[in-house]
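K.L.:
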Amino acid sequence: MTDSDATALAERVRDGELRLYELEDHADPDTAAAARRHLLAEETGADLSAVGDYTFDAADAESNIENMVGAVQVPMGVVGPLPVDGGAAEGDHHLPLATSEGALLASVNRGVSTIRNAGGATARVLKSGMTRAPVFRVEDVAKAGEVSAWVREHVDVLADAAESTTSHGELQDVTPYVVGDSVFLRFSYDTKDAMGMNMATIATEAACDVVESETPADLVALSGNLCSDKKPAAINAVEGRGRTVAADVLIPHEQVEERLDTTSDAIVEANTRKNLVGSAKAGALGFNAHTANVVAAAFLALGQDIAQVVEGNNAITTVDAREDGLYASVTIPFLEVGNVGRGRFPEAFGGLEVGGDNGGGGDPAGSNAEALGEVIAGGALAGELSLLAALSSRHLSSAHAELGR
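Numbering-wise, this note's numbering puts 211 at position 221 of the sequence shown, and it's gapless, one number per residue.
So this is what it looks like as structure tokens:
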């Protein structure tokens, strides 16, 4: 690519010969991005040199972005080592976090240090299943009942159609929901090491063709919002979506005082009044202090779909002052993560492996993504402990002031 190539391509857009989204048809992806930067700089006066200074090949991002102009940079740090005794993750792990919020990594790392000193966190993926829920139109509730009954009796037929579209995904279940003359079918898939949203969508479309041919239902939308993707939803909190993952730790009372500058009883009270009572009063679906901070920062650093932090926020944090120490847990009912697939951007990973290998091929299949989920849950637990401690000791504002916030 040369500057003259990009300038010439930009001229063709300016002259009306090409549209902005057509540039990759006439030049390599990096030249197309440079041409768009040239046009934007002329029209807005903005200096886009930093945006154009990216380290990956633009061609590698073609499945992730349209009308590419470059890339933004977000500061990335790391917390750890975090010892995790998981169903898939074992040993010490470093968790990269990308954020613009000062004090976040310092806080999470304090929680990690506390967990490590207590012997590490235990984590488990309790359930796994990516969902897609199309909505169908029927004549009346009688027909809705007929469709629901047929679906329940022919899950194997729908599985054959759905699984014909993928070499990895497996249909686990289909659950009908009826609202008047609308029938929703919530399909759940084992997507192995992929986050699996694209896989589930393509597979469900094939199954919908069977439903329409065998029942009086007409497909209205391939997603009927009962999935529910990138929206806070009670059905996900109860039934789960992606990975349902939990992490916990037991910290001796003296270590709470030494490392967190507070007491177990004070953390319990802060959690009860803030995370439980306060969240209930607010009508929140998540009963936690700030799990979204860790989930979002990890998703940014690890090339996950950042919009799905909406689901990752709906976690429940529990703490209990037991005789032998402070028990703390975080349960995230729907954490959508993957190590392979079109829905993530591996170049953002930076070569740092978290949990399992950076990719598929785990033994058993899916264990790499489960390990990633377990480590993120452990990081969220660390963040919860540190923030609850800061609140109960009244150190929150001073910590942000000291670290430039």
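Ideal placement from N, C-alpha and C gives every residue a C-beta, glycine not left out.
#1: In chain order, what residues of the same chain have a beta carbon less than 8 Å from the beta carbon of residue 105, not counting five sequence neighbours either side?
#2: Going straight from the alpha carbon of residue 191 to that of residue 84, what length do you get?
#3: Identify whether residue 387 lies in helix, strand or coil by the three-state DSSP scheme.
#4: If you drop the 5 nearest sequence neighbours on each side, which residues of the same chain put their C-beta closer than 7 Å to that of residue 323?
#5: Assuming residue 180 is part of the beta strand (DSSP E), what are its boundary residues?
#6: Please list the terminal residues of the continuous alpha helix (DSSP H) segment that includes residue 319.
#7: My parser needs the alpha helix (DSSP H) runs of 4 or more residues fully inside the region 141 to 227; what are they?
#8: Assuming residue 210 contacts residue 126 under a Cβ cut-off of 8 Å, what Cβ separation, rounded to an integer in Å, is found between them?
#9: Please tell me whether residue 396 and residue 38 are closer than 8 Å, where the distance is taken between their beta carbons.
#10: For residue 257 and residue 309, which I take to be in contact (beta-carbon distance under 8 Å), what is that distance rounded to the nearest angstrom?
#11: Could you check the C-alpha separation between residue 58 and residue 356 for me, to the nearest Å?
#12: Here's the rule: buried if 16 or more other CB atoms are within 10 angstroms of the residue's CB, otherwise exposed. What is residue 43?
#13: Please return the same chain residues whose Cβ sits closer than 8 Å to the Cβ of residue 2, not counting the five positions on each side in sequence.
#14: Is it buried or exposed, residue 124, if we count other Cβ atoms within 10 angstroms and call 16 or more buried?
#15: With DSSP collapsed to three states, give me the class of residue 20.
#16: Can you tell me which residues form a DSSP beta bridge with residue 80?
#17: Rounding to the nearest angstrom, what Cα-Cα distance links residue 398 and residue 253 in this structure?
#18: Give the straight-line distance between the Cα atoms of residue 139 and residue 166, rounded to the nearest whole angstrom.
#19: Helix, strand or coil, according to DSSP, for residue 260 in the structure here?
#20: If we count Cβ pairs, one from each stretch, closer than 8 Å, do we get three or more for the region 205 to 220 versus the region 86 to 93?
#21: Kindly give me the distance between the Cβ atoms of residue 171 and residue 119, rounded to whole angstroms, as I take these residues to be in contact under 8 Å.
#22: Taking only three categories from DSSP, how would you classify residue 311?
#23: Out of curiosity, what's the CA-to-CA distance linking residue 40 and residue 63?
#24: Going by beta carbon distance, what residues of the same chain come within less than 7 Å of residue 218, once the five residues before and after it are set aside?
#25: State the CB to CB distance for the pair residue 152 and residue 96, rounded to an integer number of angstroms; the pair is presumed to be in contact (CB under 8 Å).
#26: What I want to know is whether the C-beta of residue 0 ends up closer than 7 Å to one or more non-hydrogen atoms of the ligand HEM.
#27: Roughly how many angstroms separate the alpha carbons of residue -5 and residue 23, rounded to a whole number?
#28: Between the C-alpha atoms of residue 67 and residue 86, what's the straight-line distance to the nearest angstrom?
#29: How close, in whole Å, do the beta carbons of residue 220 and residue 297 come, if the pair is a contact with beta carbons under 8 Å?
#30: Using CA atoms only, rank isn't needed, just tell me which of 344, 147, 325 and 82 is closest to residue 292.
P.N.:
This is what the structure gives:
#1: As a working mapping, residue 105 is identified with position 115 in the sequence shown. So the qualifying residues of the chain are 72, 73, 111, 239, 241, 368, 371, 372 and 375.
#2: Taking the first residue of the sequence shown as position 1, residue 191 is located at position 201. Taking the first residue of the sequence shown as position 1, residue 84 is located at position 94. Straight-line Cα distance between these residues: approximately 33 Å.
#3: Walking along the sequence shown from the start, residue 387 turns up at place 397. Confidence at residue 387 is low in this model, with a pLDDT of 48, below 50, so the placement of that residue should be treated as unreliable; the coordinate-derived value is given next. In the structure shown, residue 387 falls within a helical segment according to DSSP collapsed to helix, strand and coil.
#4: The residue you call residue 323 lines up with position 333 of the sequence shown. Correct list, in chain order: 226, 227, 230, 234 and 304.
#5: Mapped onto the sequence shown, residue 180 falls at position 190. From DSSP, the beta strand (DSSP E) with residue 180 extends over 172 to 180.
#6: In the sequence shown, residue 319 corresponds to position 329, counting from 1. Careful: residue 319 lies outside any alpha helix (DSSP H), inside the beta strand (DSSP E) at 315 to 325.
#7: Fully contained in the region 141 to 227 are the following alpha helix (DSSP H) runs of length 4 or more, in chain order: 145 to 153 and 187 to 204.
#8: On the sequence shown, position 220 is the one that residue 210 refers to. On the sequence shown, position 136 is the one that residue 126 refers to. Between residue 210 and residue 126 the beta-carbon gap is near 6 Å, inside 8 Å, which marks them as a contact.
#9: Since the first residue of the chain shown is -9 and the last is 395, residue 396 is not available in this structure.
#10: What you label residue 257 is simply residue 267 of the sequence shown in a count that begins at 1. What you label residue 309 is simply residue 319 of the sequence shown in a count that begins at 1. Right, the Cβ-Cβ distance comes to about 6 Å (below 8 Å), so this counts as a contact.
#11: Taking the first residue of the sequence shown as position 1, residue 58 is located at position 68. Taking the first residue of the sequence shown as position 1, residue 356 is located at position 366. Going by the C-alpha atoms only, they are around 32 Å apart.
#12: Position 53 of the sequence shown holds residue 43. Exposed: under 16 other Cβ atoms inside 10 Å.
#13: On the sequence shown, residue 2 is found 12 positions in, with the first residue counted as 1. Cβ neighbours of residue 2 beyond the five flanking positions: 8 and 16.
#14: Position 134 of the sequence shown holds residue 124. By the Cβ neighbour-count rule, residue 124 is buried, with 16 or more other Cβ atoms within 10 Å of its own.
#15: In the sequence shown, residue 20 corresponds to position 30, counting from 1. Residue 20 sits in a helix when the DSSP states are folded into three classes.
#16: Sequence index remark: in the sequence shown, residue 80 carries index 90 (1-based). Residue 80 is bridged to 75.
#17: No answer is possible for residue 398: the residues shown for the chain start at -9 and end at 395.
#18: Here residue 139 refers to the residue found at position 149 of the sequence shown. Here residue 166 refers to the residue found at position 176 of the sequence shown. Taking the CA atoms as reference points, residue 139 sits about 9 Å from residue 166.
#19: Within the sequence shown, numbered from 1, the residue matching residue 260 stands at position 270. Assigned with DSSP and collapsed to three states, residue 260 falls in helix.
#20: No, they do not touch.
#21: Position 181 of the sequence shown, counted from the first residue, corresponds to residue 171. Position 129 of the sequence shown, counted from the first residue, corresponds to residue 119. Cβ atoms of residue 171 and residue 119 stay farther apart than 8 Å, at about 28 Å.
#22: As a working mapping, residue 311 is identified with position 321 in the sequence shown. Secondary structure of residue 311 (DSSP, three-state): strand.
#23: The residue labelled residue 40 in the question sits at position 50 within the sequence shown. The residue labelled residue 63 in the question sits at position 73 within the sequence shown. So the alpha carbons of these two residues sit roughly 9 Å apart.
#24: Taking the sequence shown and counting its residues from 1, one reaches residue 218 at position 228. Closer than 7 Å at Cβ, skipping near neighbours: 225 and 226.
#25: Residue mapping note: residue 152 aligns to position 162 of the sequence shown, counting from 1. Residue mapping note: residue 96 aligns to position 106 of the sequence shown, counting from 1. The beta-carbon distance between residue 152 and residue 96, rounded to whole angstroms, is 46 Å. This is too long to meet the 8 Å contact definition.
#26: With respect to the ligand HEM, the structure shown offers nothing to examine, as it has no ligands at all.
#27: Your numbering for residue -5 matches position 5 in the sequence shown. Your numbering for residue 23 matches position 33 in the sequence shown. Straight-line Cα distance between these residues: approximately 11 Å.
#28: Within the sequence shown, the letter at position 77 stands for residue 67. Within the sequence shown, the letter at position 96 stands for residue 86. Roughly 6 Å between the two C-alpha positions.
#29: For the purposes of this step, residue 220 is taken as the residue at position 230 of the sequence shown. For the purposes of this step, residue 297 is taken as the residue at position 307 of the sequence shown. Yes, residue 220 and residue 297 are in contact; Cβ-Cβ is about 5 Å, under 8 Å.
#30: As a first step, residue 292 must be located in the sequence shown, where it is residue number 302. Of 344, 147, 325 and 82, the residue nearest in Cα terms is 344.
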